[in-house]
Amino acid sequence: MKNSTFRKKPFFLSLFRHALFNKRYFLVPALLLSCSLSLAQQRMIVTGVVVSADDNSHIPGVTVQIMGTSKGTTTNDNGKYFLEASPGDSLIFRYIGYVEKRVKVGTHPAINIAMQSISSQLKDVVVVAFGTKKKSDMVGSVTTIKPSDLKVPSSNLTTALAGRAAGVIAFQRSGEPGLDNAQFFIRGVTTFGYKKDPLILIDGVELTTTDLARLQVDDISSFSILKDASATALYGSRAANGVIMVTTKQGAVGKAKLAFRVENSVSAPTKNIELADPVTYMKLANEAVLTRDPLGALPYSQEKIDNTATGLNPTAYPANDWRKQLFKDYTTNQRLNLSVSGGGGVARYFVSGAYNRDNGLMKVDKRNNFNNNIRLSSYSLRSNVNVNLTNTTEMVVRLSGSFDDYTGPVDGGASMYQKVMKSNPVLFPAYYPADEEHKFTKHIMFGNYDEGQYINPYAEMVKGYKDYSRSLMLAQIELKQNLKSITPGLAASGMINTNRTSYFDVSRFYNPFWYQMDAYDKLSDKYFITNTNPNEGTEYLGYNEGEKTISTSLYLESRLNYDRSFNKSTVSGMMVFMLQNRLNANAGDLQQSLPFRNIGLSGRATYDYDKRYYTEINFGYNGSERFDKNNRFGFFPSFGLAWTVSNEKFFEPIKAIFSNVRLRGTYGIIGNDAIGSPQDRFFYLSNVNMNDGSRSAGFGRDPGNVYRLNGISLSRYANPNITWETSKQKNIALELGLFNKLNIVAEYFSQYRDRILMTRSIPEAAGFAVPIKANVGIATAAGVDISMDYKQFFKDNFWVSLMGNFTYATSKYKNYEEPKYDESYRYHTGYSLNQVFGYIAEKLFVDDAEAANSPKQNFGRYGGGDIKYLDVNRDGQITEADKVAIGNPTVPEIVYGFGFSMGYKNLDLSAFFQGLDNESFWIDPEATSPFASENQLLKAYADDHWSEERQNVYALWPRLSPDVNRNNAQTSTWFMRDGAFLRLKQVELGYTLPARWQKKLRTSTFRIYVNATNLLNFSKFKLWDVEMGGNGLGYPVQRVFNLGLNLNFN
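So in the working numbering, the last one in the sequence shown is 1180, and the numbering has no gaps at all.
The following block contains the structure:
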């Protein structure tokens, strides 16, 4: 029974029984179970989200790959990925612009990754003199500008500097292509010597402002501004006014990357000067005569005024709007940039090319077969190649070239705007149309009188053109040798650089044929014109050879570096030797034909302990050809200390709030040998002309046979005591970081500049033939600069960034060589280096009686409606002794900028404001004086001037006059204006294509954007763009609207 019952049990029970009592049967299911469990452990779906460590935003398109295999995937638009992997596998996360990250797979399938961008890793590294430093290790004062902040719709890089960096004073006086360089100073103007602007270094080589202007933003790797003695000491005598240091991009290991950017923009003047209409011009021209001489002959009859007002016959009764006849309302410009970079373990490369086309606003006469409008075509090429010759030796070869080809009016664009102001609108038309008598005339019949007695601005603009070509070619080789085999941290490098600059221009123009109207028959409406200069006019283009210059430069540099850490201490040292040789091939005299040479030895030593305490010592030992052998070399030391308070243990409880607190202080002496004009090269030598024709003498009695012998003249006395101008600089700084989001840097600086070269004030009775120069000038400067930045990231890929900076820089004369005055207020001492001196204008005289009973003004005729000046010294007359300091300095003492950037997913928006204050400028009353030499009449003057009917003693313009009234043309407060303004400098809206679409297009970046510059301006001054200052009659600053596309391919 039992046996039969047992045999009837199900099969799986039988199997279980045998497995239980038989090891062989037990092993089979155990192995199967173990194998299935192992496979389950090895194969699982790993998933996670990849975000940016900078802002926690999702990163789409990240490559996720199992190391050693070809298996991989990419993250989606939300940064999420899915990948089958096994425990123990290593995952590699790669994305362009981010640091590669590797993670080992564990037993948990969820792996979230935060990747750090290369830019954020590098943003804490600052390019300094002959090297780089972390921001946290800085002792000297260095400010950086992100290259992306310099991307404005302009082919001139310098126009982007204003308001972008604390400590930089920058402003733009002209918008003319090729002549629109901004003026900029580091911490203001601190000397009244020859050289006031900073040293400009591009890849370690001294270049000019124009070379910086032509540098392509897409080529820039770093842009640093060195502001104090500690930061600039290694450059010695060249760096007393600060340093702007730019490095260009280099290639990185990886496959070739192609970057392409194209822009097309429309530009127009930010503000046009408003002129009075022709009828108002004539009426007020008559008033100008009558108000000065009631019996004077009127220049314009009522009949001419009435017929001009009807506008029925503009040939017989011209009413020229010269501005509209000469200039277009807007123009277009184009910019194109292309670069390729990449490389392998041995060599890396960065190659770029750019083309910019800037057009002017001048109109072109179709009857001419040439272009007289401004057309500036700029080309640039760059090649940077890094080659690892050995494991310890690297060679860097940099080649670059920039080329400008210019066409424009013979006298330039600014001159055309100025000639509009100097041209009568009703004397004659721009040109006469060809009548029956002149229908076969081949030339343009320009209007004028006599043989060109007056200015016809249209003829001046279209009569020809000027071409110029400018080029800069640079070749540089640098060798870097790691000497760790001698001792860790030791390295050496050497560099040789040569560059050649050339320029030439040529003008081609014809002499205009002038025509004047001799008679006009009103009944038949016919006019009769004649050519007044048939023998002088030409129908062909003449040729005028212009300037030709060629200069070359050779620069040699060798460096020895040491940088090593020992436990908590880090020490570094550097020695630099440099030699510069420049040659001008167009020397005008013997002195200029000799090579310009400088030599120097510089050094730096630094020490920091535990990233808390820092010290730095620098020196420059420089030689200059300008000085006598006893003064030829100068030693210029500096030192600095820094304390990172937030790294102290006692600070840890509040470090979550105060993420960074740091104090810095430096002091140093910097020299300057650029203390005179290029003609004043060798102060220790007399400059004697042994063959001066102006000092010749004649010999002989026969007038037809006189022998002349040239004489001797002296233009400079030898002075072996002339030496370096020196600058003693102090800098104290506080760095403050809050919540790891808000960063503030505040710095106080001061400077004592002495030994400034001046011309001595020596009475003529002393008998010197030429002025004497000596190092007697002293100036002081002081101020503060503050910078702030803040960035906050929110959910859903939304972020906001804020920035701002403020600079206040003032300077004063401490000692200024000038005559002895009886009045203390006449001395420059105590006033700004850019201070204007003039008369205080109280008001306009009410009438002739008041003028007769006021202190005498010795500037010619004056009366009611003319400017009344203050008799400062109360001697009963207005003389030079009544001049005082008027207005603010002509270089702004306050400059600031602030802006924001924000983004949401693929959209980004940014805006930037720039402003300046504590600046004045003077309107030249001779240049704007209506009717004088046929000058135009500003509408503002027509609307607000003193007249018998409206005796407004505070009118904008005094009593009218047919010529320049010398009393009213004096430098005075009447024409001083406040130059302060706030400008909406730039606005940009961009859209980046989503990653999934970029993947289909095989691009890594696809961004389209629109931006605009100089959109709005807030200022008290309304006549022209206030940033132009006293240059308002020139080529106007431009407002630009731009459309751009940026593509990157990997």
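Every residue gets a Cβ at the ideal spot worked out from N, C-alpha and C, and that includes glycine.
Here the structure is a predicted model, which is why all the values come from computation and not from measurement.
Linking Lys779 to Lys785 through their CA atoms gives a straight-line distance of about 10 angstroms. The region 403-416 makes contact with the region 1062-1078, as at least three CB pairs between them are under 8 angstroms. Beyond the five residues adjoining it in sequence on each side, Ala1062 comes within less than 8 angstroms, by CB distance, of Glu1056, Ser1091, Pro1092, Asp1093 and Val1094 in the same chain, given in chain order. Put simply, of Glu214, Lys201, Gly913 and Asp1005 the residue whose alpha carbon is nearest the alpha carbon of Glu953 is Asp1005. In this structure the region 847-858 touches the region 754-761; the number of beta carbon pairs closer than 8 angstroms is three or more. Our two residues, Gln313 and Asn714, have alpha carbons roughly 25 angstroms apart in a direct line. Collapsing the DSSP output to three states places Thr273 in a strand. Note: Tyr999 is bridge-paired with Ala971 in the DSSP secondary-structure output. For Arg1132, the three-state secondary structure derived from DSSP is coil. At the C-beta level, Ile1024 and Leu1000 stay beyond 9 angstroms of one another. For Lys454, the three-state secondary structure derived from DSSP is helix. Excluding residues up to 5 positions away in sequence, Lys234 and Val235 lie with their Cβ nearer than 8 angstroms to the Cβ of Gly218 in the same chain.
Look at Lys357 here: in three-state DSSP terms it is coil, with no helix or strand label.
Annotated as distal: Val701 and Gly733, with beta-carbon spacing of 9 angstroms or more. Taking the C-beta atoms as reference points, Val373 is found no nearer than 9 angstroms to Ile332. Beta-bridge analysis with DSSP links Pro767 to Phe749. Asp267 carries a helical assignment under DSSP once its states are collapsed to helix, strand and coil. Between the beta-carbon of Gly624 and that of Leu609 there is about 5 angstroms, and that keeps the pair under the 8 angstroms contact cut. By the C-beta criterion, the region 902-914 is judged to be in contact with the region 938-958, since at least 3 inter-stretch pairs fall below 8 angstroms.
In the displayed model, Arg811 falls within coil according to three-state DSSP, outside both helix and strand.
Sixteen is the threshold: since fewer than 16 other Cβ atoms of the shown chains lie within 10 Å of the Cβ of Gly441, the residue is exposed. With contacts defined as CB atoms closer than 9 angstroms, Leu872 and Met918 qualify as a contacting pair. Following the DSSP letters along the chain, one finds Tyr411 inside the alpha helix (DSSP H) bounded by residues Pro408 to Arg422. Exclusion of the five residues before and after Thr289 leaves Val282, Gln302, Asp310 and Ala312 as the residues of its chain whose Cβ lies within less than 7 angstroms of its Cβ. Cβ-Cβ separation between Phe869 and Met933: approximately 17 angstroms, too far for a contact (criterion under 8 angstroms). Burial is judged here by how many other beta carbons sit within 10 angstroms of a residue's own beta carbon; Ala979 has fewer than 16 and is exposed. Per DSSP, the unbroken alpha helix (DSSP H) holding Asp341 starts and ends at Thr339 to Ala343. Pairing Thr338 with Asp327, the inter-Cα distance amounts to about 10 angstroms.
For the pair of segments examined, the region 764-779 was found to touch the region 790-799: the number of CB pairs separated by less than 8 angstroms reaches three. The residue among Gly995, Asn518, Val376 and Gly703 with its C-alpha nearest the C-alpha of Val335 is Val376. Ser1031 and Ser1040 do touch by the CB rule: their CB atoms are close to 4 angstroms apart, below 8 angstroms. Using a Cβ distance threshold of 9 angstroms, Ser532 and Leu511 count as a contacting pair. When the alpha-carbon of Ala863 is set against those of Glu877, Lys1150 and Ser247, the nearest one is in Glu877. When the Cα atoms are used, Glu865 and Gln881 turn out to be separated by approximately 21 angstroms.
Within the same chain, Val836 and Tyr837 come within 7 angstroms of Gly830 by CB-CB distance, once the 5 residues on both sides are set aside.
Taking the Cα of Trp854 as reference, the smallest distance to any Cα among Gly366, Ser200 and Val255 is reached at Gly366.
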